[in-house]
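Colleague: Dropping the structure in here first, questions after.
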Amino acid sequence: MKIAILGWGSLIWNPKSLQYNTTFGWQKDDPMLPLEFSRISQDSRLTLVLDPNAILVQSLYAISTNTTIEEVVLNLAVREGSARSAIGYYDKHTNKTKPNDFKYIANIKEWLTNHPEINVVIWINLKANWEETDRVKSKTRSRLEYLKSLDGLTKTITEEYIRKTPIQIATNFRKEIEKKLKWYPIEL
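Below you can see the structure in the form of structure tokens.
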């Protein structure tokens, strides 16, 4: 079974324990998905997630070296430091989607028409939390103000995350960051 892993952030440039075909690498013709810097991570970085308010951008994919859904879900969950329940997938042979109400499954199915060799697609399915996180002192505070307020290690790792995000992930907020903070992409 050939399983594709979707990626858009640090998974691309810092795969850690992710088990994937490094010779094949990360391909740049993945499904168009609504991605934005809309999540505050555990280490206070502003990170990319699927966001219904975002514009569609082209994600990336790699092929897992594991051959069962369970193995790939576990491997991605460990790499992301998340629960297995935070991993989504679509199995084209059974037509099963997890979560059942995944809003962007049509994008993935359309992409799969050009990749008949791929049986399953897996992704991290964390939600935007910008509006609800306690780490943001004011709910009316903008993301740009949040980034400007960072210092020390948090600023360093946040800037690294944003700048190393693949250039094709050209979200609306990324364009604003480039314009206001001059945090331009770093080609890897």
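The numbers in the numbering used here rise by one with no breaks, and the one at position 42 of the sequence shown is 98.
We put the beta carbon where it would ideally sit given N, CA and C, even for glycine.
Quick caveat: nothing in here was measured; it's all calculated off a predicted structure.
1. What whole-angstrom Cβ distance do residue 113 and residue 88 have, given they're in contact under 8 Å?
2. With a 10 Å radius around its C-beta and 16 neighbouring C-beta atoms as the bar for buried, classify residue 103 as buried or exposed.
3. Mind checking residue 227: buried by the 16 CB within 10 Å criterion, or exposed?
4. Taking the beta strand (DSSP E) that residue 154 belongs to, which residues open and close that run?
5. Taking only three categories from DSSP, how would you classify residue 137?
6. Tell me which same chain residues have a C-beta within less than 7 Å of the C-beta of residue 86, skipping the five on either side of it?
7. With DSSP as the reference, label residue 160 as helix, strand or coil.
8. When you compare the CB positions of residue 178 and residue 120, do they come within less than 9 Å of one another, or not?
9. Taking one C-beta from the region 211-222 and one from the region 232-243 each time, how about it: are there three or more such pairs within less than 8 Å?
10. If I follow the unbroken alpha helix (DSSP H) through residue 100, where does it start and stop?
11. Reducing DSSP to helix, strand and coil, say where residue 193 ends up.
12. Find the nearest neighbour of residue 93 within the set 152, 184, 142, 154, judged by alpha-carbon distance.
Modeller: In this structure, then:
1. 7 Å
2. buried
3. buried
4. 152-154
5. coil
6. 62, 114, 115, 116, 117, 167
7. coil
8. yes
9. yes
10. It is not in any alpha helix (DSSP H) - residue 100 carries neither H nor E in the DSSP assignment.
11. For residue 193, the pLDDT reaches just 47, beneath the cut-off of 50, and the residue's location in the model is therefore unreliable, although a value from the coordinates is still provided. It is coil, neither helix nor strand.
12. 184
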